[in-house]
Structures are given as C-alpha cells and as structure tokens.
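Peer 1:
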Amino acid sequence: MTNVVKQEDVDGVIDFATQTFGQLDILVNNAGIMDNFTPVGNLTDAEYERVMAINLTGPVKLCRAAIQVMENKKPAGSSLITPQSVASSGPGVGRLIPWLNTLWWG
C-alpha cells in the first residue's frame, strides 16, 4: 500500500512499476478515503485536511509522477484513469451503496 500524501512513497510506487514492467502504460489513480459522514458544522480542520490530502492532493501527486515517466515512453501512448467516488454523485448515495450491496451480494 502506498501513502499518497508522502511524495517519496508516490515516487517509490512509480519507480517500482517502471522497474518491474519496463515502462508505465497506465495509472489507475484510485486513491481515496471516506470520512465518517461528519456534518460540515462538526468537521474539524484536521479531518478536512486529511480527506483533502488523500483524495485530492494524493491523486495529483500520482499523476505528476506518472506523467514524468510516460512522457518519454516509446512508442507514445499512455492512460491516466482517475475514477470519481460514487459518494459524490448525489445526496445520500454514500449510505445507499452498502444497502444495495446487501441486495446484490447478500
């Protein structure tokens, strides 16, 4: 597991992939956490900063590190995939998904 908040961890995972596979063709940038659904009025600065560091800053760090490797790849052609959280697609969706999973997988 990589801590996407730490630049040295991000660089390490990109280096590992490049050394293992010879080049980097794709990055599936799927770093993210869910908070405890704390109402905004009760959210502490520390909780907010942790979520933003992992969910926003971390993926940007991964993209930057991957692009530096992908730009020099021959033949050219690479993909960056950054999925969106289903929790951001509408109100209450974050609580709906676990319930739906009980229907589909239960």
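Counting the sequence shown from 1 gives a position; the working numbering is that position plus 520.
From the three backbone atoms N, C-alpha and C, an ideal C-beta is built for every residue, glycine too.
Check ILE601 in the structure and name its three-state DSSP category.
Peer 2: To locate residue 601, count along the sequence shown from 1; it is residue 81. In this structure, ILE601 counts as strand in the three-state DSSP scheme.
Peer 1: Counting Cβ pairs, one atom from each stretch, are 3 or more of them under 8 Å apart for the segment 581 to 599 and the segment 528 to 538?
Peer 2: With the cut-off at 8 Å, the segment 581 to 599 and the segment 528 to 538 touch.
Peer 1: Determine which residues share a DSSP beta bridge with VAL580 and list them.
Peer 2: Position 60 of the sequence shown, counted from the start, is the residue given in the question as residue 580. Answer by DSSP bridge pairing: none, since VAL580 is not bridged.
Peer 1: Can you grab the Cα-Cα spacing for the pair ASP545 / GLY561, in whole Å?
Peer 2: Locating residue 545 in the sequence shown gives position 25, where the first residue counts as 1. Locating residue 561 in the sequence shown gives position 41, where the first residue counts as 1. Rounded to the nearest angstrom, the two C-alpha atoms are 43 Å apart.
Peer 1: List the whole-angstrom C-beta distance separating ALA551 from VAL524, where the pair is believed to meet the contact cut-off of C-beta under 8 Å.
Peer 2: Residue mapping note: residue 551 aligns to position 31 of the sequence shown, counting from 1. Residue mapping note: residue 524 aligns to position 4 of the sequence shown, counting from 1. Yes, ALA551 and VAL524 are in contact; Cβ-Cβ is about 4 Å, under 8 Å.
Peer 1: In the DSSP output, what is LEU544 paired with across the bridge?
Peer 2: In the sequence shown, counting from the first residue as 1, residue 544 sits at position 24. Its beta-bridge partners do not exist; DSSP assigns none.
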